[in-house]
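Asker: First, the structure itself, so that you have it in front of you.
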Amino acid sequence: HYLFLDDAEYDDLGRYSLQCGRRNDALKLWLEWRVRGDAGWSKMVDGYMDLAAHLESSVNAHPSLQLMSSRMWTNVCFRYAPSGTEMDLNELNGELRNRLIQEGQFMVSRSNIGDDVILRPVISNQNVTTESLDRLVAAILRHGDEILRGLPSMN
Numbered sequence: 024h025y026l027f028l029d030d031a032e033y034d035d036l037g038r039y040s041l042q043c044g045r046r047n048d049a050l051k052l053w054l055e056w057r058v059r060g061d062a063g064w065s066k067m068v069d070g071y072m073d074l075a076a077h078l079e080s081s082v083n084a085h086p087s088l089q090l091m092s093s094r095m096w097t098n099v100c101f102r103y104a105p106s107g108t109e110m111d112l113n114e115l116n117g118e119l120r121n122r123l124i125q126e127g128q129f130m131v132s133r134s135n136i137g138d139d140v141i142l143r144p145v146i147s148n149q150n151v152t153t154e155s156l157d158r159l160v161a162a163i164l165r166h167g168d169e170i171l172r173g174l175p176s177m178n
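Written out as structure tokens, the structure is:
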């Protein structure tokens with residue numbers, strides 16, 4: 024049956040949800056909304072938007088980072104693109120993202136805009152702060168520099 028995976032390496036949660044596919048995310052959303060209320064939910068979303076704006080400003084302020092599109096919601100799409108590098112920027116950013124994930128401090132999506140590999144952090148976690156975003160930018164710059172210098176990953 025196309026809805027359920029009989030050969031999945033994990034429990035197929037689709038068998039246990041009304042929509043037969045994903046977890047019952049709507050119930051969690053509804054419960055969270057009941058707890059926070061409209062004003063609390065609005066405040067949380069506004070906070071995420073402010074954090075995304077902070078990250079966008081940090082990217083724009085650094086010459087080795089290139090904003091790849093206007094900020095959409097809480098998605099900030101950029102890449103590490105230091106001037107003068109001869110390394111392929113797609114390869115560089117792919118490896119940079121791998122090192123971020125291996126390090127285990129940040130979860131950053133890898134995506135593409137056209138043919139360009141980009142980093143795409145999405146602000147959607149209540150534990151994200153301006154300080155943690157500043158640490159993310161510092162980690163990106165550090166890993167990028169290490170890759171350009173040919174240093175192996177420390178993890």
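Per the numbering used here, the very first residue in the sequence shown carries number 24; after that it's consecutive.
Every residue gets a Cβ at the ideal spot worked out from N, C-alpha and C, and that includes glycine.
1. Which of the three DSSP states, helix, strand or coil, is assigned to Asp139?
2. Tell me whether the beta-carbon of Ile146 lies closer than 7 Å to the beta-carbon of Ala49.
3. Is His24 helix, strand or coil by DSSP?
4. Can you tell me whether Gln89 is helix, strand or coil according to DSSP?
5. Kindly indicate the opening and closing residues of the alpha helix (DSSP H) around Arg172.
6. Hey, out of Asn113, Ala161, Glu109, Met67, whose CA is closest to Leu78's CA?
7. Put Asn148 into one of helix, strand or coil per three-state DSSP.
8. Please go through the same chain and pick out, in chain order, the residues whose beta-carbon is closer than 8 Å to the beta-carbon of His85, but skip the five residues on each side of it.
9. For Leu88 and Arg102, what's the separation of their Cα atoms in angstroms?
10. Terminal residues of the continuous beta strand (DSSP E) containing Arg102?
11. Using the Cβ count rule (16 or more neighbours within 10 Å means buried), how would you classify His24?
12. Suppose contacts are defined by Cβ-Cβ distances below 7 Å. Is Arg120 in contact with Leu142 by that definition?
13. Considering only residues of the same chain and omitting the five flanking positions on each side of Thr108, which have a CB-CB separation below 8 Å?
14. Helix, strand or coil: which one does DSSP assign to Met95?
Answerer: According to the data block:
1. Here Asp139 sits in strand by DSSP.
2. Contact: no.
3. Caution applies to His24, whose pLDDT of 46 falls short of 50 and renders its modelled position unreliable; the value that the coordinates give is listed next. Judged by DSSP in its simplified three-state form, His24 adopts coil rather than helix or strand.
4. Of the three classes helix, strand and coil, the one that applies to Gln89 here is strand, per DSSP.
5. In the DSSP assignment, Arg172 falls outside any alpha helix (DSSP H), carrying neither H nor E.
6. Nearest of Asn113, Ala161, Glu109, Met67 to Leu78, Cα basis: Ala161.
7. DSSP places Asn148 in coil when its eight states are reduced to three.
8. By the criterion of a C-beta distance shorter than 8 Å, His85 is surrounded in its chain by Val160, Leu164, once the five residues flanking it on both sides are discounted.
9. Our two residues, Leu88 and Arg102, have alpha carbons roughly 6 Å apart in a direct line.
10. 101-103 is the extent of the beta strand (DSSP E) around Arg102.
11. Any reading at His24 needs caution, since the residue's pLDDT is 46, under 50, leaving its predicted position unreliable; the model's value is listed next. Per the 10 Å Cβ criterion, exposed.
12. Yes, these two residues count as a Cβ contact at 7 Å.
13. Leu115, Leu171, listed in sequence order.
14. Here Met95 sits in strand by DSSP.
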